Amino acid sequence: MRLQQTLSIGGLAFAAALWLTPALAEAQPGVTGLGGGRAQLAPSPISPRFELDVVRPEIHKWYVPRHLPVTFDPTWYRTQSNYAVDAYRYYVSAELEGFVWYDQLGQPVERGWLLYEWQQEQEHAKGSSIWKGNQYNSLFRRLVVASEGSGGLELRLMLGDQLETVFTPLTFVKPRFNGLRLDGAGDSIKGSFILARPSMPNQDSIFGFTSPSDRTDFVNLFGGHVEWTAAPRMALGATYVNAHFGNTRETFGSGSPFAGALPTIQDKNLKTLWVRLRDDSPEDGVGGALLFDYDIVLTDTAGTQLRGREIDFLPTVEGGSVRGSSLAADGSEAIVLAWNLDDLAVTHGVETEDLRRVQVELSVANDYHIESTSDLQTDGKQRRAAPVFLTVRRAAGNVQDNSNATVVSVDYGLPTATEVIGIDWNIIDWHGISFQGELVANRRHRQYPNPGTDTHHSAVDRDLATYGQARYERHPWELYAEVFAIEDGYDTSAWLIGSSNNIHYDDFTESRYEFVEDDDDFNGVPEWDRPLHFGNDRAWPGLDENADFLHDHNQNDNLIPDYEEPFLRFRSDRPEFLPGMDMNYNGTVDRFENDILPDYPYRNDQRGVNTYGRAFIGPDLSLTLGSQRIGQISGSGHTDADYAVLRWQHFRPSFRFRLLEHAALVRDNIADPLRMWTQPFGSAGRMRDVLDPLAGDDAWMHSAYVDLEHQLGDAVRIEHRGRWQLMRQRDDDQALLERELRRSSGFRGWVDRAEWRVPVGLSVLETRWKSEWREHRPPSRRLPTGTTLEQMAFLIWTQPLMAENATVAYFPRYGRQVFSTELQLGLELSRLWLLDGRLEEVDDNYRSWTGVAQLSNQSVYLGYRLVTRIGLQIGRKRFDNERSQRVSAFFLTVHAGLR
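In terms of our numbering, the sequence shown is residues 374 to 1272.
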């Protein structure tokens, strides 16, 4: 009898069957196992129901009513069917309310459906199986919740495909976790436990029929987070998350639930081993990896060590340049060492199946980057699979004087598990002090493949990540400090076996499971492509403030940004006018940044500190002085800045004024590339890679934002908005010429707008005016500069029709009557001057006009509010060079909504 672990949910009352329990049985989904057998009859407490009254010594055939198959009260004769008096009854399926399911003890669980079943049977091919019933996907919408509580302890068990699960920012953040989650809370302790099989957790579909997702090689994940409220304002937490490979051909006791086990597709004899050295900072072109010596150390299953040089087992060497008695790899150069292990049997009588451990010792110096691979660590292709290098070690800093000479041992193994172990703390406003942070250790397990041994040699890579944030508030003072360090190798992801039953080390979309997702816009859909979900190719962090999943500057979701579209552009301003802080000095406001990286609170491979003090000068004015020092751990990059921030807000019932000033002395050479959403005029929006121009290598930075809004009476509103960004370089002219940077770069812009609503009887005339001036000076000399001024005027006439259908009463001086049917006429006039240079979207002066006539109706249909519009739009744009563009469009739209 093989050992089997089973998880099953059956029927509406399934809570008792949700717990993982080992069982000695062999099972098929929906037939046996913890899912249990099934029967048509509801059993009695002792045995299946059987009535002695129906046992009679008669020879004729016994008949039962076809319409009620669950009724076993047979008659000895068959009657004619006649529905003149008796009502006709439908055929009733015995499966209408599901089946009766039994647990491992033979007791009935519930009449219902098998929603979910997870079985793991060892020493058996395809022993890991997950079944999700049709009712789970349809009726329960892929979410099942069971609750229990007693004596101050509350428990809730959830099973779903898209569970929002957050432990801490450095350990586990999954907006769409597919698996099982158990939450518990007591008086002072609360915690969460998760369990999942990330590798193909949903059932397969073959020719339209669903079947259980059966796997021999799999990845299981488990973890938890516990938080203890030590005091009313103090909480301490601990987190553990582990994802590891396993296979069902091994015995239950083989391998480790923490270190994992090699999958069967990789537990083969190694044939070739490669080690590559290259420059860790190739952009500088000098001081790269320097290789003095190398050797391979072979350990067999008996523990005997053989050194390659002693037995004349040497690698082939490719690449690099000779520098004295050593090899160097600068810039794009690489040194590749290759050992053909199959040659051992021919030349030295050592079989590869006798090897338990293989190490490569390298004597290196300077700015090295060491990687390794083998014939089992490939791109996963069935034919001509290419090896994929993975990082082993990177040099700290960017040393170029041989002062870091050392011997690095590459203990080769294939990845088998990833785990994170962390603690966190949170103190909230204790005598004005708040302090939070976490410390996490990341362990990545590797094992050397050898199918002839029961246990494999394992190696562990370790990296740390930590941060702390402290704040002290005592009016009118505020002090803040944050310290962080995340090592380059810190990695909260695990390898998966792809759909082709291979591991694609070069394709994260197929073989990578993330503990911490990339969801910069916080819409629950990660931006990158990963197994179990498709990437979000429409991400705009900070630009969906109304949370309608549409870009704030393209609310009608068409091919024209709102700030370029007639009539809509009156209230929409370009994103360049929006304020915010740019603390990494890459030219993009931090709250708008989108990248393709895990959402850690800080960037990998960096350590640093940021402190500031803030003083409130009155209720509306504050001044902040601060300093930041950030450096790369494995490189020489740094970000040093001393800054000042001035904030001023002043509000009155008919007046609002806001001012934000940010000035800094910056020395930043750490590149922070982004992937941002762009909306070109006349074409579909798309994601575009945006490089960091590194304009703040040594510069003065200044950013200012101001807006003023005031209202004159009940009908006139006026608004002013301005933005000024300046980056002034401090390098000499020759250095700027080599870097192709302008001495001064940035953006200046000013917007004025006003609107006036004039009631004319029951009609309304709206007059609007907008002026936009902007100047662009990109940091790169290769990009054009330009200054434009655009003046826009709008007239909108609204004429109500069918006044008897008015839906809101009219009160003089308190508003206007709202009609169900209205005729609206609109005219927009625009004139743009290209005052200097040119821009990517503007290369000439132009004037334009646009006219719109539309008839709109609002009504109610089936409980929904129906808005119907029919109309015509015409327009023309004429450039000074005699070019012109015409627009004419007829439209008929019907919208339905709840309000």
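For glycine and all other residues, C-beta sits at the position ideal for the given N, C-alpha and C.
Keep in mind it's a predicted model, so treat the numbers as computed, not measured.
Take Q508, set aside five residues on each side of it, and the residues of its chain with a beta-carbon closer than 8 Å to its own are W486, L488, in chain order. The secondary-structure analysis by DSSP pairs D1209 across a beta bridge with T1160. Positions of the alpha helix (DSSP H) runs, each at least 4 residues long and wholly inside the segment 840-925, are given as 881-884 in order along the chain. In terms of Cα proximity to S745, the closest of R606, G981, V733 is V733.
Along the length of the segment 671-749, whole alpha helix (DSSP H) runs at least 4 residues long occupy 716-720, reported in chain order. In terms of Cα proximity to D893, the closest of P822, A843, M1049 is M1049. In the structure shown, the three-state DSSP call for E1113 is coil.
By the neighbour-count criterion, in which a residue is buried when 16 or more other Cβ atoms sit within 10 angstroms of its Cβ, S572 is buried. Where Y509 is concerned, the enclosing alpha helix (DSSP H) starts and stops at 507-510. Here S1221 is buried, its C-beta having at least 16 other C-beta atoms within 10 Å. Nearest C-alpha to P849 among E691, L1198, H924, F989: F989. In this structure, the beta-carbon distance from G915 to F965 falls below 8 Å. In this structure, the beta-carbon distance from T789 to Q820 falls below 8 Å.
Separation of L1207 and N1254 (C-alpha to C-alpha, rounded to the nearest whole angstrom) is 13 Å. Within the same chain, Cβ atoms closer than 6 Å to the Cβ of P542 are found at P974, the five residues on either side in sequence being excluded. Within its own chain, the residues whose Cβ lies closer than 6 Å to the Cβ of P574, once the five positions on either side in sequence are excluded, are I503, N551, listed in chain order. Residues of the same chain with a CB within less than 7 Å of the CB of R549, apart from the 5 flanking positions on each side, are Q535, G897, H906 in chain order.
Using a Cβ distance threshold of 8 Å, E855 and G805 do not count as a contacting pair. For the set W712, E1034, V1124, V731, the Cα lying nearest the Cα of E1082 is the one of V1124. Distance from L650 to I567 at the Cβ level is roughly 40 Å; contact not present, criterion being Cβ atoms closer than 8 Å.
A straight line joining the alpha-carbon of F472 with that of A604 spans about 51 Å. Relative to the Cα of Y613, the nearest Cα in the group T589, F545, T621 belongs to F545.
R1256 has no beta-bridge partner at all, per DSSP. Nearest to W474 by C-alpha distance, out of A467, R484, E468, is R484. The C-alpha of E1195 lies about 6 Å from the C-alpha of Q1172. DSSP, read as helix, strand or coil, puts Q1022 in strand. Here E600 is buried, its C-beta having at least 16 other C-beta atoms within 10 Å. Between D587 and V659, the CB-CB gap reaches or exceeds 8 Å. Here DSSP, grouped into helix, strand and coil, assigns E1128 to strand. Here W647 is buried. Its C-beta has 16 or more other C-beta atoms within 10 Å. Closest in alpha carbon position to Q1052, among P630, D1062, N927, is N927. Between the C-alpha atoms of F595 and G525 there is a straight-line separation of about 26 Å. DSSP places G500 in no beta strand (DSSP E); its state is neither H nor E. Beta-bridge annotation (DSSP): F595 is paired with L568, N615.
In the structure shown, the three-state DSSP call for L543 is coil.
Taking the Cβ atoms as the reference, S866 lies roughly 14 Å from H877, outside the contact range of under 8 Å.
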